[in-house]
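Heads up: the protein sequence lines correspond to chains A and B, in order. If you're matching positions, the first sequence starts at 260 in this note's numbering and goes up one per residue. If you're matching positions, the second sequence starts at 23 in this note's numbering and goes up one per residue. Below you'll find the structure, written out as C-alpha cells, and then a few comments.
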Amino acid sequence: MSAANILFYIMSFIALASAGYVAVSKNLVRSVFIFFVTLFALAGLYVLALADFVAVTQIVVYVGGILVLILFAFMLSGRETLNVLQHPDRSVWKITNLPALLIVALLFIVLINVILKTDADHLGWISDSIKTKNYITNSGDMTGNIGVNLMTRYLLPFEIISILLMMALVGAAHLSRKESVE
Amino acid sequence: MVSYLIYIGVAIGLFAFAATFALFAVYYERKLSAFIQDRIGPSETGKYGSLQTLADILKLIQKEIINPTATDKWLYALAPAIIFIAVYMGFAALPWAPGLVPSKINIGLYYIFAIISIETLGILMAGWGSNNKYSILGAMRSAAQIISYEIPAGFALIAVVVICGSLDLQEIAMQQGILFKEHTQFLGIWDVTGMGGFMSWNIFRAPHLIIAFIIYFIASLAESNRAPFDIPEAESELVAGFHTEYTGMRFGLIFLAEYSMMFLVSMVGVVLFLGAWNTPFPNIGSIHLANWTTGIGWGIFWIFVKTLLLVTVQIWIRWTLPRLRVDQLMDLCWKVLTPLAFICMVISAVWRVWVMN
Numbered sequence: 260m261s262a263a264n265i266l267f268y269i270m271s272f273i274a275l276a277s278a279g280y281v282a283v284s285k286n287l288v289r290s291v292f293i294f295f296v297t298l299f300a301l302a303g304l305y306v307l308a309l310a311d312f313v314a315v316t317q318i319v320v321y322v323g324g325i326l327v328l329i330l331f332a333f334m335l336s337g338r339e340t341l342n343v344l345q346h347p348d349r350s351v352w353k354i355t356n357l358p359a360l361l362i363v364a365l366l367f368i369v370l371i372n373v374i375l376k377t378d379a380d381h382l383g384w385i386s387d388s389i390k391t392k393n394y395i396t397n398s399g400d401m402t403g404n405i406g407v408n409l410m411t412r413y414l415l416p417f418e419i420i421s422i423l424l425m426m427a428l429v430g431a432a433h434l435s436r437k438e439s440v441e
Numbered sequence: 023m024v025s026y027l028i029y030i031g032v033a034i035g036l037f038a039f040a041a042t043f044a045l046f047a048v049y050y051e052r053k054l055s056a057f058i059q060d061r062i063g064p065s066e067t068g069k070y071g072s073l074q075t076l077a078d079i080l081k082l083i084q085k086e087i088i089n090p091t092a093t094d095k096w097l098y099a100l101a102p103a104i105i106f107i108a109v110y111m112g113f114a115a116l117p118w119a120p121g122l123v124p125s126k127i128n129i130g131l132y133y134i135f136a137i138i139s140i141e142t143l144g145i146l147m148a149g150w151g152s153n154n155k156y157s158i159l160g161a162m163r164s165a166a167q168i169i170s171y172e173i174p175a176g177f178a179l180i181a182v183v184v185i186c187g188s189l190d191l192q193e194i195a196m197q198q199g200i201l202f203k204e205h206t207q208f209l210g211i212w213d214v215t216g217m218g219g220f221m222s223w224n225i226f227r228a229p230h231l232i233i234a235f236i237i238y239f240i241a242s243l244a245e246s247n248r249a250p251f252d253i254p255e256a257e258s259e260l261v262a263g264f265h266t267e268y269t270g271m272r273f274g275l276i277f278l279a280e281y282s283m284m285f286l287v288s289m290v291g292v293v294l295f296l297g298a299w300n301t302p303f304p305n306i307g308s309i310h311l312a313n314w315t316t317g318i319g320w321g322i323f324w325i326f327v328k329t330l331l332l333v334t335v336q337i338w339i340r341w342t343l344p345r346l347r348v349d350q351l352m353d354l355c356w357k358v359l360t361p362l363a364f365i366c367m368v369i370s371a372v373w374r375v376w377v378m379n
C-alpha cells in the first residue's frame, strides 16, 4: 500500500467518524466544532485528488465563513433555547416519524444501488477523455487552468452566480437596515 | 525515508523558530514600550534584562494547569492548540530566499489566507469552552473583527496578485528583483528592468499599491488582535477577553500564537509588497550592488530584517495609539478600508491591461 493509499484511508476514517459524531452527539456546540474536523478531513481528501484549489476554497468558505456564522447564531441565542434543542424527544419509532423513516430508507436503498452499480474503475467518460487526451496532469498549473476556464468556457454560469450572490447581499443589507423614524 | 525526515526536520525547525522569535519579541516589545513611555523596562535578569522572558516562560511551564469546573473540558483544552497550530501552519508556505521555501505550492497565498481563518474558530472555541461571560464576549468581538478585516486585507492582496499574475509566493517574490527577466517599471513611468533594488518592489510597481499596502497593514493589525484593534482583550472592560480562564502553558500557547501571528502577517506583507528576499540596493551603472547582495544567505537576512522592521512598526503603533471603540472599528473597516480596497483592485486590473502591456 502506498503512502497516498494509507493517507486516503486515514482521512476517510476521520471524516466518517467525525461526521457520525456530529449526527449523534447531544451537545450541539460540540458537534459544530467536530464538524470542523469533518470539513478539514474532506479538504485533505481533495488534496489527495490533486484538487488543491478546491481544498483551500473548502476551508475558506466552510471553516472561515459558514462554521463561524453557525457559531455566531449559537452564541446569540440564549442558553434556555439551546437546552430545549439539546434534549429533544429522542424516540425514533413513532407514527409521526413514518414519512421521514420511509424517505431515509428509500434514499439508503438508492445509495447502495448506486455504489453497487457504479464500476468506479472503468467509468465510460473517464476512459473516453483518456482516449481523446482531454485531461490535465499534475503540472502545478491547476489554479491557472481553473481561472482560464471560468473566464472563457464557463463565463455565463459564473456571472449568473455572481448576480445571485449580489442579490443576496443587497437583500441582507436591506433587511438589516434601520427603519427611518418619520 | 530521508525525505520524510527532512519534512519533519523542517516542521520542527519552523516551530523552534516561532517559539524563539516569540521569546525575543516579547523582550523586544517590553524594551521598546519602555523606551516609548520613558521607562527602563526589564533590567534585573541577565544583562539589560535579556533573560527576563526566558525566566517568564520557565515560570509558565512550571505553573499548574487549572481546569475550572464549569468549562466544556474538551473545547477548553483544545482551543489554545488550535489557535497556535492555525498560525504555525501558515509558516509552511512562506519563502525565505531564492529557491528556499518550506513548501512550494502554487496557491501559497490563498493557502495562508485560508489557514489563518481557522484561528477564528480556535478563539470561538476558547470563548465558548471557558463558560465565562468575559471570555465569550471577547471571543465574539474577536471573531467579528477578524472576519470583517479579512475582506479589506483580502482585496488589498488581490490587488497585488492581479499585478503579479500568480498566487505562488516564490513567484511573486522573484518578480520584485533582479532575477525577474521581464519588463519592470517604477510607478509605471521609469524602466528599471535589471536594476532591481527597492524601485522594483511591488509597492512601487504601481502608485495605488502604496495605498493597498497601508490597507493591508491596518487590516493585519486587526487580524492579529493588536492595538489599536485589541478590543477582544480590552483589559478595562473584559479582564483579558477570550483567554481570561487560561493558565500555565495553555496561556503560553495563546501568547505564542499572537507573536507568531505578528511575524506571519508582517512577512506576508513583506513578500507581497516590500520585495520579499530582494535587496533594497539597485544596480547603478557599473556598481552592481543588487548582484552583490542577492543570494540565499542575503535573502534570509533581508526578509528577516524587513519583517522585523514591520513588527517594530506594529509594536510602535500599539504603544502610541489608544484603542478604538467597537463602532469606530467597524466604521473604519466597512466604510473606509473596504471601498478603498475595492478601488485598488479595480485600478490593478486596469493597470495590468493598459499600462503593463
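Quick reminder that beta carbons are idealized off the backbone N, C-alpha and C, glycines included.
Which of the three DSSP states, helix, strand or coil, is assigned to residue i?
i: B/G365; result: It is Ile, not Gly, that sits at residue 365 of chain B in the sequence shown. Helix.
i: B/L179; result: helix
i: A/L360; result: helix
i: A/L309; result: coil
i: A/L301; result: helix
i: A/I329; result: helix
i: A/I385; result: helix
i: B/I127; result: coil
i: B/I306; result: strand
i: B/K69; result: helix
i: A/I269; result: helix
i: B/I187; result: Per the sequence shown, the amino acid found at residue 187 of chain B is Gly instead of Ile. B/G187 falls in the coil class under three-state DSSP.
i: A/D378; result: coil
i: B/A148; result: helix
i: B/P344; result: coil
i: B/V261; result: coil
i: B/P64; result: coil
i: A/I395; result: coil
i: B/K357; result: helix
i: B/E141; result: helix
i: B/G297; result: coil
i: B/T91; result: coil
i: A/V439; result: Going by the sequence as given, residue 439 of chain A is Ser instead of Val. Here A/S439 sits in coil by DSSP.
i: B/M378; result: coil
i: B/E267; result: coil
i: A/T355; result: helix
i: A/N286; result: coil
Following the continuous alpha helix (DSSP H) through residue i, name the residue where it begins and the one where it ends.
i: B/G319; result: 318-340
i: B/P102; result: 95-112
i: A/P416; result: 414-434
i: A/D400; result: Element bounds for A/D400: n/a, residue is neither H nor E.
i: B/T42; result: 24-58
i: B/T75; result: 74-84
i: B/D349; result: 348-353
i: B/V290; result: 270-294
i: B/W314; result: 311-314
Taking DSSP's pairing of strands, which residues face residue i in a bridge?
i: B/L122; result: B/A119
Confirm the yes/no value for this check: CB of residue i, any heavy atom of the ligand SAH, distance under 6 Å.
i: B/S258; result: This structure simply doesn't include the ligand SAH, nor any ligand for that matter.
Can a CB atom of chain D be found closer than 7 Å to the CB of residue i?
i: A/F295; result: Looking for chain D here will not work: the only protein chains present are A and B.
Start-end ranges of the alpha helix (DSSP H) lying completely within the segment 192-253 of chain B, minimum 4 residues: If we require 4 residues or more, the alpha helix (DSSP H) runs fully inside the segment 192-253 of chain B come out as 230-245.
Contact list for the segment 376-397 of chain A against chain B, Cβ threshold 9 Å: Within the segment 376-397 of chain A, no residue has a Cβ that lies closer than 9 Å to any Cβ of chain B.
Residues from the segment 83-106 of chain B in contact with chain A, defined by Cβ distance under 8 Å: Of all residues in the segment 83-106 of chain B, those with a C-beta nearer than 8 Å to a C-beta of chain A are D94, W96, L97, reading in chain order.
Chain-ordered residues of the segment 152-178 of chain B with a beta carbon less than 7 Å from chain A: Those would be I158, M162, A165, I169, in chain order.
Residues, ordered as in the chain, of the segment 349-367 of chain B that lie near chain A by beta-carbon distance below 9 Å: Contact annotation: in the segment 349-367 of chain B, no residue has its CB less than 9 Å from a CB in chain A.
Contacting positions in the segment 302-329 of chain A - beta carbon closer than 7 Å to chain B: Residues of the segment 302-329 of chain A whose Cβ lies closer than 7 Å to any Cβ of chain B, in chain order: D311, F312, V315, I318, V319, V322, G323, L326, V327.
Chain A contacts from the segment 313-332 of chain B (Cβ-Cβ distance under 9 Å): Listed in chain order, the positions of the segment 313-332 of chain B with a beta carbon within less than 9 Å of a beta carbon of chain A would be empty, since no residue qualifies.
Interface positions of the segment 123-137 of chain B facing chain A (Cβ-Cβ less than 8 Å), listed along the chain: In summary, the residues of the segment 123-137 of chain B whose CB is separated from some CB of chain A by less than 8 Å are I127, N128, I129, Y132, Y133, F135, A136, I137, in the order they occur in the chain.
Contacting positions in the segment 268-289 of chain A - beta carbon closer than 9 Å to chain B: Residues N286, V288, R289.
Interface residues of the segment 404-417 of chain A facing chain B [CB-CB below 8 Å]: Taking 8 Å as the upper bound on Cβ-Cβ separation, chain B lies near no residue of the segment 404-417 of chain A.
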